[in-house]
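So the protein sequences, as listed, match chains C and Z. In this text, residue positions in the first sequence follow the numbering used here: the first is 1128, and each later residue adds one. In this text, residue positions in the second sequence follow the numbering used here: the first is 24, and each later residue adds one. As structure tokens, the structure follows; a few thoughts come after it.
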Amino acid sequence: MFRILFLLFLGIGIGYLLRNIRFVHRIGAATQYVVFLLLFVFGISVGRNQMLMDNITKFGLQAAIIALSGVLGSFVAAYFLGYWQKKKEGGKK
Amino acid sequence: MKENIIAFVCFLGGICLGLSGYAPAVLSLPILPVLLLSILVFLAGLGLGSNEGLTYIIHSFQWQMLLLPVFTIIGTLLFTMLAVFLLHEYTLSDLMAIGSGFGYYSLSSVLILDMKTMTVGIDEATKLASLALLVNVFREMIAMFGCAFFTNKGGSCAAISVSGINSMDVCLPIILKASGNDGKWLPVSVFHGIALELAVPILITLFCH
């Protein structure tokens, strides 16, 4: 369970210690290629999953609902934070 | 944008290969995504740690900057919880895990695939991971095309929040421009992205167990 978090913080630690070595920045850019490969492999397992391919429109609609809920939620929360901070700043002046 | 198109082509290519049934057995070994995910998480950490912006952020850090990512997380998760009333076939924790991607589609989907395979099996895990991929691709697209609109309607805070993880890269120039190039939003926006990048694996680990 904590393997992922361990790797993440290990990476951050090593990256921070070696941040002045230019090579490290280039490794960071390699992340993109791992993402491409990962999505390719993930795509294969999606393509093999018959149930998923048969219901792709349904999943698209469900995904849109979840994405819009998240967007709306963060918009509302941050709108009030911004409003509150502005009011506080205005009060100081 | 270019990276997103290549990523999409890779994913689509994988789907076609999987559909055709000609995928070499080595590409469907269960260890492969786990291994790639581990490399990706380590590299993401390396990128975060060696980020030049990080030193700058540490110097210009104020405790108030933590508020925005916390509000983004709370707002997103609260409203994602509401979606459970429309989507009965998913459990609340699954929906929360899917919503916790904040636009980071690659990492969030494969993290869910990895963690859910252990508990509910590969088919159900692939379903949840695909949903997470779609949700977070949608979120990135809404953020990219809408962030000038969000800045005008709800202020810079709201636009940064909606952008999620992308507030530190793709959406940053648009947000800054729409905010009238007010320099004070640069550290806030970059810090927001970094904080969420850290939060994604933590939250998903939490909701998948």
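Positions of the beta carbon are idealized from the N, C-alpha and C atoms, including for glycine.
* So, helix, strand or coil for Z/Tyr113, using DSSP? -> coil
* Is the CB of Z/Ser51 under 8 Å away from at least one CB in chain C? -> yes
* What residue range is occupied by the uninterrupted alpha helix (DSSP H) comprising Z/His82? -> Glu75 to His82
* Closer than 7 Å, Cβ to Cβ, to anything on chain Z: give me those residues from the region 1183-1197 of chain C, in chain order. => Phe1186, Gly1187, Gln1189, Ala1190, Ala1191, Ile1192, Ile1193, Ala1194, Ser1196 and Gly1197
* Is C/Gly1200 close to chain Z, meaning its C-beta is less than 8 Å from at least one C-beta of that chain? -> yes
* **C-alpha distance - Z/Ser83 paired with C/Met1180, whole-angstrom precision** => 48 Å
* **Cβ-heavy atom distance, C/Leu1188 to the ligand ATP, below 7 Å** => Within the structure as shown, the ligand ATP is missing, as the structure has no ligands at all.
* Min CB distance C/Arg1146 to chain Z below 8 Å -> yes
* Under 8 Å by beta carbon: chain C residues contacting Z/Val64 -> Ile1131, Leu1134, Leu1135 and Gly1138
* Could you list the residues in the region 1159-1180 of chain C with a C-beta less than 8 Å from some C-beta on chain Z, going in chain order? => Gln1159, Val1161, Val1162, Phe1163, Leu1164, Leu1165, Leu1166, Phe1167, Val1168, Phe1169, Gly1170, Ile1171, Ser1172, Val1173, Gly1174, Arg1175, Asn1176, Met1178, Leu1179 and Met1180
* Asked: Cα separation between C/Tyr1160 and Z/Ile38?
  -> 18 Å
* To do: Using the Cα positions of Z/Ile96 and Z/Gly126, report the straight-line distance between them to the nearest angstrom.
  => 12 Å
* If we ignore side chains and look at the alpha-carbon of each, how far apart do C/Ile1154 and Z/Ser186 end up? -> 26 Å
* Asked: Can you tell me whether Z/Asp137 is buried or exposed, with buried defined as 16 or more other CB within 10 angstroms of its CB?
  -> buried
* To do: Might you give, ordered along the chain, the residues of its own chain that have their beta carbon closer than 8 Å to the beta carbon of Z/Val223, omitting 5 neighbours on each side?
  => Ser123, Gly124, Phe125, Tyr127, Leu130, Ser131, Leu134 and Ile188
* To do: Could you tell me if Z/His215 is buried or exposed, where buried requires 16 or more neighbouring beta carbons within 10 angstroms of its beta carbon?
  => buried
* Under 7 Å between beta-carbons, which chain C residues line up against Z/Cys39? List them in chain order, please. => Gly1174
* To do: Scan the region 109-120 of chain Z for residues whose Cβ lies nearer than 9 Å to a Cβ of chain C and list them as they occur along the chain.
  => Leu109, Leu110, Glu112, Tyr113 and Leu118
* **Neighbour-count burial assignment, Z/Pro196, 16 or more Cβ in a 10 Å radius** => exposed
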